[in-house]
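J.: Numbering (numbering that gives the first Met the number 0), first residue to last: 0 to 360. The beta-carbon is built from N, C-alpha and C at its ideal position, and this holds for glycine as well. Everything numeric in this text was worked out from a predicted model, so none of it was measured. Encoded as structure tokens, here's the structure I'll be asking about.
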Amino acid sequence: MKAVLLRELNAPLSVEEVDLDGPSSGEVRVDVKGAGVCHSDYHAVTGHNPPYALPTVLGHEGAGVVADVGPNVTDFAPGDHVVFSLTGQCGRCRNCTVGRANLCENEWGPPYMRDGTNRFSQNGAPIAHRHAAFSESTTIPAEFAVKIPNEMPLEKAAIIGCAVTTGVGAVVNRAKVEAGGAVAVFGCGGVGLNVIQGAVLAAASKIIAVDVAAFKLEMARSLGATHSIDAGAADPVELIGEITHGGADYAFEVIGSPSVTRQAFESVRPGGMAVAVGVPPMDADITVPARMLFMDRGLLGSFYGSGRPRVDFLWLIELYMDGRLKLDELITRYRPLEEVNEAFDDMITGVAARTVLTPAR
Ligand SMILES: [Zn+2]
Ligand SMILES: [Zn+2]
0 MKAVLLRELN APLSVEEVDL DGPSSGEVRV DVKGAGVCHS DYHAVTGHNP PYALPTVLGH
60 EGAGVVADVG PNVTDFAPGD HVVFSLTGQC GRCRNCTVGR ANLCENEWGP PYMRDGTNRF
120 SQNGAPIAHR HAAFSESTTI PAEFAVKIPN EMPLEKAAII GCAVTTGVGA VVNRAKVEAG
180 GAVAVFGCGG VGLNVIQGAV LAAASKIIAV DVAAFKLEMA RSLGATHSID AGAADPVELI
240 GEITHGGADY AFEVIGSPSV TRQAFESVRP GGMAVAVGVP PMDADITVPA RMLFMDRGLL
300 GSFYGSGRPR VDFLWLIELY MDGRLKLDEL ITRYRPLEEV NEAFDDMITG VAARTVLTPA
360 R
């Protein structure tokens, strides 16, 4: 069985033959039909958000077909279609109970499974992994899988597992943008484009896309942005102030840059709210002008759409089936596992909104 391995930071990934065990108690084995290439995976490659151990199998934005279930799994059967949730949803902890399953307290212990053992190996040597979506097949704890309707195409459902949920959820679940609000979005990659989709669903009046890549600004327009700003050519804070006559009601930072988060904060009017969605570097601090904060402005974080995957995945799929959420347009290209390095290149050079790998066709 083939999987994509990260053996050292800042080096090309390799596609190698590996062994997969399981499922053990409480686990499911899933044949991966689609795996989105997310910026978070790239953060692991560069060490911006380092992996827990090397070598490791990357990939967390996945969907596939349940191939086998371990003992004590009652919710899944072979043949079920599932999307991977970034976080577990034990359903019993405090956060799950209050509807914040994105912050489940029974997190799966990295770099291996809950019991401290691993499922991936190569000639007996352990390979670290979490979802390991960049693999033909993977074994995950059952509570990280969400069952979806069989008619939903799996290679499209994959991106609901991270980019779509993170972006739309930040608007709908975290900021709770109201109809008529003016929204600015700093960073129009895979997640940022979904913040724009979320703003469209929320009936925002102005949706201002900010990026430095022409392709991404064009994508943002096609998904519903009403204005676009090339941050390399103009000061976005000043322009947003002009377009909105005093500042946006909501600004989303979808890059993970402390300085851009400050710009997002500075672009909202008194009473407005900035939401930090991008993954920040380890140990980074964010500073904002205290006098601006004092004027009823808010600065919030939003992790993984601040949502409930078992609930949100299903309504997002319904919107897609109804033609009200765009997924086909977000996926610039499908590639086999062997082209994972090219997929990262496309992301870095800004010529792809999302690439989806198709491990087990
Ligand atoms: Zn992701
Ligand atoms: Zn929980």
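1. Which residues in the same chain as Leu200 place their Cβ atom closer than 8 Å to its Cβ, once the five residues preceding and following it in sequence are excluded?
2. Looking at the strands, I want to know which residues DSSP matches up with Ser136.
3. Checking 8 Å against the spacing of the C-beta atoms, do Ala203 and Ile239 come in under that value?
4. What are the boundary residues of the beta strand (DSSP E) that includes His38?
5. Tell me whether Asp234 is buried or exposed, calling it buried when 16 or more other Cβ atoms sit within 10 Å of its Cβ.
6. Does DSSP classify Lys215 as helix, strand or coil?
7. Spatial neighbours of His59 within its chain, please: CB distance less than 8 Å, with the 5 preceding and 5 following residues excluded, ordered by chain position.
8. Kindly examine ligand 1 and report whether one of its heavy atoms sits closer than 7 Å to the Cβ of Cys95.
9. To the nearest angstrom, report how far apart Glu149 and Ala289 are at their CA atoms.
10. Could you tell me the distance, in whole angstroms, from the CA atom of Ala375 to the CA atom of Val81?
11. Let me make sure I understand the geometry here. Which of Val274, Glu237 and Gly231 has the alpha-carbon closest to that of Ala250?
12. Could you check whether the Cβ of Ala127 sits closer than 8 Å to any Cβ belonging to chain C?
13. How many angstroms separate the CA atom of Ile126 from the CA atom of Pro358?
14. Given a threshold of 16 other Cβ atoms within 10 Å of its Cβ, counted over all protein chains shown, does Val253 qualify as buried or as exposed?
15. Under the criterion of a Cβ to heavy atom distance below 7 Å, does Glu60 qualify as lining ligand 1?
16. Is the closest heavy atom of ligand 1 to the C-beta of Cys37 under 7 Å?
17. Distance check for Arg353 and Gly35, CA to CA, integer angstroms please.
18. Considering only the beta carbon of each residue, do Leu8 and Gly46 sit closer than 8 Å?
19. Does the beta-carbon distance from Gly304 to Asp311 come in below 8 Å?
20. From Val17 to Glu341, what does the alpha carbon distance come to, in whole angstroms?
21. Secondary structure at Thr225, three-state DSSP: helix, strand or coil?
22. Kindly indicate the opening and closing residues of the beta strand (DSSP E) around Glu252.
23. Can you tell me the Cα-Cα spacing of Leu12 and Asn122, whole angstroms?
24. Less than 7 Å separating the Cβ of Cys92 from some heavy atom of ligand 1?
25. Using 8 Å as the cut-off, can you tell me whether the segment 206–220 makes contact with the segment 187–194, which would need three or more C-beta pairs spanning the two stretches below that distance?
26. What is the DSSP secondary structure of Glu142, reduced to helix, strand or coil?
27. For Arg173, count neighbouring C-beta atoms within 10 Å of its own C-beta (all shown protein chains included) and say buried if the count is 16 or more, exposed if not.
28. So the beta strand (DSSP E) Asp67 belongs to, where does it begin and stop?
29. Between the Cα of Ile316 and those of Leu57, Glu15, Met151 and Val14, spot the shortest distance and give me the residue it belongs to.
30. Can you tell me the Cα-Cα spacing of Asp74 and Gly306, whole angstroms?
31. Within its chain, find whatever has a CB closer than 7 Å to the CB of Glu154; leave out the 5 residues flanking it on each side and keep chain order.
32. Distance check for Val97 and Ala178, CA to CA, integer angstroms please.
33. Quick check: what's the CA-CA separation for Thr116 versus Thr55?
T.: Well, looking at it:
1. Against the sequence shown, residue 200 aligns to sequence position 201. Here the set comprises Val167, Val170, Val171, Leu318, Arg323 and Leu324.
2. What you label residue 136 is simply residue 137 of the sequence shown in a count that begins at 1. Here Ser136 is bridged, per DSSP, to Asp30.
3. Here the question's residue 203 lines up with position 204 in the sequence shown. Here the question's residue 239 lines up with position 240 in the sequence shown. The answer is no: Cβ separation not under 8 Å.
4. The sequence position of residue 38 within the sequence shown is 39, counting from 1. No beta strand (DSSP E) holds His38; the alpha helix (DSSP H) holding it covers His38 to Thr45.
5. By one-based count along the sequence shown, residue 234 stands at place 235. In summary, Asp234 is exposed, with fewer than 16 beta-carbon neighbours lying within 10 Å of its beta-carbon over all protein chains present.
6. Against the sequence shown, residue 215 aligns to sequence position 216. Look at Lys215 here: in three-state DSSP terms it is helix.
7. Counting from one through the sequence shown, the residue named residue 59 turns up at place 60. Exclusion of the five residues before and after His59 leaves Cys37, Ser39, Asp40, Phe83, Leu85, Arg129, His130, Ala132, Gly160 and Cys161 as the residues of its chain whose Cβ lies within less than 8 Å of its Cβ.
8. By 1-based counting over the sequence shown, the position of residue 95 is 96. No, ligand 1 has no heavy atom inside 7 Å of this Cβ.
9. In the sequence shown, residue 149 corresponds to position 150, counting from 1. In the sequence shown, residue 289 corresponds to position 290, counting from 1. A quick correction: the sequence has Asn, not Glu, at residue 149. Each residue's alpha carbon lies about 51 Å from the other.
10. This structure gives no information on residue 375, because the portion of the chain shown stretches from 0 to 360.
11. As a first step, residue 250 is located in the sequence shown; it is residue number 251 there, counting from the start. Selected option, being the one with the closest Cα: Val274.
12. Within the model displayed, chain C is absent; a lone protein chain is all it includes.
13. Reading the sequence shown from its first residue, position 127 is the one you call residue 126. Reading the sequence shown from its first residue, position 359 is the one you call residue 358. Each residue's Cα considered, the two are about 18 Å apart.
14. For the purposes of this step, residue 253 is taken as the residue at position 254 of the sequence shown. Counting other Cβ atoms within 10 Å of its Cβ, Val253 reaches 16 or more and is therefore classed as buried.
15. As a first step, residue 60 is located in the sequence shown; it is residue number 61 there, counting from the start. Yes, since a heavy atom of ligand 1 falls inside the 7 Å radius drawn around the Cβ of Glu60.
16. What you label residue 37 is simply residue 38 of the sequence shown in a count that begins at 1. For ligand 1, at least one heavy atom lies less than 7 Å from the Cβ of Cys37.
17. As a working mapping, residue 35 is identified with position 36 in the sequence shown. As a working mapping, residue 353 is identified with position 354 in the sequence shown. Cα-Cα distance, rounded: 7 Å.
18. The count along the sequence shown starts at 1 and reaches residue 8 at position 9. The count along the sequence shown starts at 1 and reaches residue 46 at position 47. Yes, the pair counts as a contact, with Cβ atoms nearer than the cut-off.
19. Taking the first residue of the sequence shown as 1, we reach residue 304 at position 305. Taking the first residue of the sequence shown as 1, we reach residue 311 at position 312. Their beta carbons are under 8 Å apart, which means Gly304 touches Asp311 by this criterion.
20. If you number the sequence shown from 1, residue 17 lands on position 18. If you number the sequence shown from 1, residue 341 lands on position 342. Computed Cα separation, rounded: 22 Å.
21. In the sequence shown, the residue the question calls residue 225 occupies position 226. In the three-state reduction of the DSSP assignment, Thr225 falls in the coil class, being assigned neither a helical nor a strand state.
22. Position 253 of the sequence shown holds residue 252. Segment Ala247 to Glu252, the beta strand (DSSP E) holding Glu252.
23. Counted from its first residue, the sequence shown places residue 12 at position 13. Counted from its first residue, the sequence shown places residue 122 at position 123. Rounded to the nearest whole angstrom, the C-alpha separation of Leu12 and Asn122 is 19 Å.
24. The sequence position of residue 92 within the sequence shown is 93, counting from 1. No - ligand 1 has no heavy atom lying nearer than 7 Å to the Cβ of Cys92.
25. Segments in contact, yes.
26. For the purposes of this step, residue 142 is identified with residue 143 of the sequence shown, where counting begins at 1. Three-state DSSP puts Glu142 in a helix.
27. Residue 173 sits at position 174 when you count from the first residue of the sequence shown. Flag for Arg173 reads buried.
28. To locate residue 67, count along the sequence shown from 1; it is residue 68. Run containing Asp67: Glu60 to Val68, per the beta strand (DSSP E) assignment.
29. What you label residue 316 is simply residue 317 of the sequence shown in a count that begins at 1. Taking only the C-alpha atoms, the option nearest Ile316 is Met151.
30. Within the sequence shown, numbered from 1, the residue matching residue 74 stands at position 75. Within the sequence shown, numbered from 1, the residue matching residue 306 stands at position 307. Within the model, the alpha-carbon separation for Asp74 versus Gly306 is close to 21 Å.
31. Here residue 154 is taken as the residue at index 155 of the sequence shown, counted from 1. Residues Lys32, Gly33, Tyr333, Val355 and Thr357 of the same chain have their beta carbon placed closer than 7 Å to that of Glu154, with the five preceding and five following residues left out of the count.
32. Counting from one through the sequence shown, the residue named residue 178 turns up at place 179. Counting from one through the sequence shown, the residue named residue 97 turns up at place 98. Going by the C-alpha atoms only, they are around 26 Å apart.
33. By one-based count along the sequence shown, residue 116 stands at place 117. By one-based count along the sequence shown, residue 55 stands at place 56. Just so you know, the alpha carbons of Thr116 and Thr55 end up roughly 14 Å apart.
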